[in-house]
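This report refers to the structure that appears directly beneath it.
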Amino acid sequence: MMINEAIQAANGLVSIVPLLGGSTSRKDYDEAMKLVEYLVEHHPDSPLVDMLTAKIDTYESNAPEFTEFNERIASTQSGVAILRTLMDQYGLNQTDFEDEIGKRSLVSRILKGERSLTLEAMRKLSVRFGIPVSVFID
Numbered sequence: 001m002m003i004n005e006a007i008q009a010a011n012g013l014v015s016i017v018p019l020l021g022g023s024t025s026r027k028d029y030d031e032a033m034k035l036v037e038y039l040v041e042h043h044p045d046s047p048l049v050d051m052l053t054a055k056i057d058t059y060e061s062n063a064p065e066f067t068e069f070n071e072r073i074a075s076t077q078s079g080v081a082i083l084r085t086l087m088d089q090y091g092l093n094q095t096d097f098e099d100e101i102g103k104r105s106l107v108s109r110i111l112k113g114e115r116s117l118t119l120e121a122m123r124k125l126s127v128r129f130g131i132p133v134s135v136f137i138d
């Protein structure tokens, strides 16, 4: 019967990848991370990728070692987070946004959360990076 086979397969998979069974061990998390990195590189369409990333997300949301990081992320405006990601991905610094945002000091204040991105700046960043304006809006 298919049900029994599915249960046996799931139990076998959990014995190999304990994080899938809800393990809270850092070792199991690290091994799951290595596995998902391999799968994404070599077998991106594997359904195991989705299962692993869901369990990794759960682990990262609940593990004490991620508490401070999760709190920082939660308090960061999405526009600022996107801006930081773009800076990292493209190797940019605060002076590289004069045309879209303004002077370095203004970019710095936005990154610190002291000022917000204007709609005009969001539109210009959207055009520059080919992404929707909506990603910058909280």
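Here the sequence shown stands for residues 1 to 138, numbered as in full-length UniProt numbering. Using N, Cα and C, we set each Cβ at its ideal position, and we do this for glycine too.
C-alpha gap between residue i and residue j, whole angstroms
i      : j      : result
Val135 : Ala10  : 37 Å
Ile73  : Arg84  : 12 Å
Val133 : Ala121 : 9 Å
Leu19  : Phe129 : 37 Å
Ala32  : Leu13  : 12 Å
Ser23  : Val17  : 9 Å
Leu125 : Phe66  : 30 Å
Arg109 : Lys103 : 10 Å
Met1   : Lys34  : 34 Å
Ile82  : Thr53  : 21 Å
Val107 : Ile101 : 7 Å
Asn4   : Ser46  : 22 Å
The alpha helix (DSSP H) enclosing residue i, as first and last residue numbers
i      : result
Leu111 : Arg104 to Leu111
His42  : Arg26 to His42
Glu5   : Met2 to Ile16
Anticipated Cβ contact below 8 Å, residue i with residue j, distance rounded
i      : j      : result
Tyr29  : Ile56  : 7 Å
Leu117 : Gly79  : 5 Å
Gln77  : Gly113 : 7 Å
Helix, strand or coil at residue i [DSSP, three-state]
i      : result
Met51  : helix
Ser126 : helix
Asn93  : coil
Glu98  : coil
Arg72  : helix
Ala121 : helix
Pro64  : helix
So does the segment 88 to 101 actually touch the segment 51 to 66, counting three or more Cβ pairs closer than 8 Å? no
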